[in-house]
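Read top to bottom, the protein sequences are chains A and B. For what it's worth, our numbering labels the leading residue of the first sequence as 1, then goes sequentially. For what it's worth, our numbering labels the leading residue of the second sequence as 1001, then goes sequentially.
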Amino acid sequence: MATQQGSSKSTLKTSLPSAYAAVQAEQPVDTSQHPSQEEQEKYLSGRPRATPQHLGVALQHAHQIQAQKDAENMILDRIIELLALPSSPSADPAAPSAADAQAFKSALLDFRPSDYDSYIMERNNEDLCGYGLCRREHGNARRGKDQIFQFKWGAKGSGPGGRGRSMDIVPHEKLEKWCSDECAERALFIRVQLTEQPVWERRGNASRGMNIELLEEARAKGPKRRTEGSTSAAAVTAEMKNLNLQDPGRSQELAMERGDSGRSPRGARVDVRIKEKDQSMAASAPEWRPEDATGGSIEGYVPQNRRDKDAMDLDSGDLLDQI
Amino acid sequence: MDGDIPSTSADADKEMTRLWRTWRTVYEMLADRGYEVSDDELQVSLDEFKRKYADPMGYPDRTKMKIQARPTEEMKIKYTALPSKSNPNPQPDCGTVYVDFCPDGSQLGTKQVRAFNHVVDENNFHTGIFITQIPLSPTAVRLLASNPGHIGENFQEQDLLVNITRHELVPKHVLLSPEEKARLLERYRLKESQLPRMQVSDPVARYLGLRRGQVVKIIRKSETAGRYASYRWVI
């Protein structure tokens, strides 16, 4: 137990690639549990048609499951460690200390939104505000007896078409997770940045440089971006010129997103190589052939009575004209 | 003012009675699992229970409610694996059980579970059963299950109000010892994976504290055959 906590403490202060490496580094522990020769033989003798390949596949799946369990345990440990944040009782959620913010952000990288939800639940169980860097108690204010829902009015002008106020009916439990609306906003801002994909399935994405921003950090950046956007027409045209279909960086990103990167993903069991057909000959226009005179065949079938039918249609047309 | 007192005492009475039923089910459960439980403990009356565990206000005092029980010889045999080459002298995989009633009625989180795990760890109990008034949070459930070297189980008080195995529609479940299991597989020339299955989360499996890989014999009444036995492999 003690060693487990020690190791997870050391991984807490890392960014995702290294955290992932930490999970991977636990693999050698598994390989020490790699079956001995005797155990391998036992496995194969119990299954008459099994080959060492089957054993390999079974082992690979076992390792995957083990890695998944390790990752789940790591997240569980982190939830418990994060409950100790913020470190000082007078911490201000609007201006957290750098160390706290760093620990908070790096620990959350591996979380899924569902993990984050259970983290919020745990914080509430400890009578803390659901936002990780806030020390205040979570709200219980203005609650009547047996009152389950509450009306929540938006700011003036937030209603449909910019008139009136938006209104929401919110269950009390949802409101009571936070000490204030500001903290709710901060916490939910982090939640939307988390990835649904569980940490043991994130492989190539480690290079994508995932980063979690606190709401304050994003706000500090925000206005700058807005002024950039609203500059003169000249700036906009300059921006437009920069747009380039052949931008190597962007196209690589696109290829990554589509899964078109040339190499097969690491650890895949089937090695897929795409071979293009050799097409050096120039294409030629279709030529007229004698059998095309009757309209040709439909997938090898030549209609027999097409001509007769056409003639009948012509006749009936004539009749109608006569009447 | 005067009207308040009877109502609170009625409340206390109600809670006390409910808890008494849970308490008795817990003892029945321990006895069914094969722990040493005396007849007095099994048939504790409501008055006696009240005398022992009520606080001055008449409400139950859950902090006092803790149970320990040792496994019987019979149970030890059932939990001893068959001797093998690598392990010629296997030890029974069961030991003292510890039952704790959680006094907190709301906001049940990792804090309480950590305290419980600590107690189990410190006294080196083999199995810990944590009985709570409300469901545990998902994190707490995982924490309870991941206490290394110990088995952690969780029940809600309301789940144990009635002993489900005493219901007429629930057939009798009997755990087979490893030896009986080996004989069964040999007799029917089966692998264990060819048996019908049953989940560890099955209410009866939870009640009996079954573990993955064990086999239970289920004995039903049958109109045509009198008794009908079937087997389930716990997964």
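Ideal placement from N, C-alpha and C gives every residue a C-beta, glycine not left out. Since this is a predicted model, take the numbers as computed values, not measurements.
Nearest to S1230(B) (by Cα), restricted to the options P1196(B), D1011(B), E1073(B), S1177(B): P1196(B)
Buried versus exposed call for H1173(B) [16 or more other C-beta atoms within 10 Å across all chains shown]: buried
Validate contact between the region 98 to 116 of chain A and the region 174 to 181 of chain A using beta carbons, cut 8 Å, 3 pairs: no
Test item: CB-CB of P198(A) and R112(A) under 8 Å: yes
Host alpha helix (DSSP H) of N1154(B) (start-end): It is not in any alpha helix (DSSP H) - N1154(B) instead sits in the beta strand (DSSP E) that spans 1151 to 1156.
Interface residues of chain D facing I80(A) [CB-CB closer than 7 Å]: In the displayed structure, chain D is absent; the protein chains listed are A and B.
Min CB distance L76(A) to chain B below 8 Å: yes
Under 7 Å by beta carbon: chain B residues contacting E122(A): G1109, T1110, S1137, T1139
Cβ contact check for the region 1133 to 1148 of chain B and the region 61 to 78 of chain A: 3 or more pairs under 8 Å: yes
Proximity test, Cβ basis, 8 Å: N73(A) and chain B: yes
Contact belief for N125(A) with L1108(B) at Cβ below 8 Å, rounded distance in angstroms: 7 Å
Those runs of the beta strand (DSSP E) which lie wholly inside the region 1117 to 1173 of chain B and span at least 3 residues: 1127 to 1132, 1151 to 1156
DSSP three-state assignment for S45(A), whether helix, strand or coil: helix
Classification of G1128(B) by the beta-carbon crowding that lies within 10 angstroms, buried from 16 upward: buried
Boundaries of the alpha helix (DSSP H) in which F189(A) is found, first to last residue: 181 to 191
CA-to-CA distance, E122(A) to A1182(B), given in whole angstroms: 45 Å
Outcome for Q304(A) when other beta-carbon atoms lying within 10 angstroms are tallied against a minimum of 16: exposed
Contact residues within the region 104 to 137 of chain A, judged by C-beta distance below 8 Å to chain B: S118, Y119, M121, E122, N124, N125, E126, D127
Whole alpha helix (DSSP H) elements within the region 1069 to 1095 of chain B, 4-residue minimum: 1073 to 1078
Proximity test, Cβ basis, 8 Å: R1183(B) and chain A: no
Rounded C-alpha distance that separates K69(A) from R186(A): 30 Å
Alpha-carbon spacing of Y119(A) relative to L1144(B), whole angstroms: 16 Å
Close Cβ partners of D117(A) (< 7 Å) along its chain, the five nearest in sequence each way excluded: none
Y1231(B) (DSSP reduced to helix, strand or coil): strand
Backbone CA spacing between R258(A) and I1067(B) [nearest angstrom]: 59 Å
Burial state of F1101(B) (16 or more Cβ within 10 Å): buried
Candidates G162(A), G161(A), S166(A), of which the one nearest F151(A) by Cα: S166(A)
CB contact below 8 Å: R1142(B) versus chain A: yes
Beta carbon proximity, S1146(B) to chain A, threshold 8 Å: yes
Contact under 8 Å by Cβ, D1061(B) with A1054(B): yes
Exposed unless 16 or more other CB atoms sit within 10 angstroms - verdict on Y1228(B): exposed
Length of the line joining the Cα atoms of I1164(B) and I1218(B): 15 Å
Per DSSP, cross-strand counterpart(s) of F149(A): P171(A)
Alpha-carbon to alpha-carbon, S45(A) and Q53(A): 14 Å
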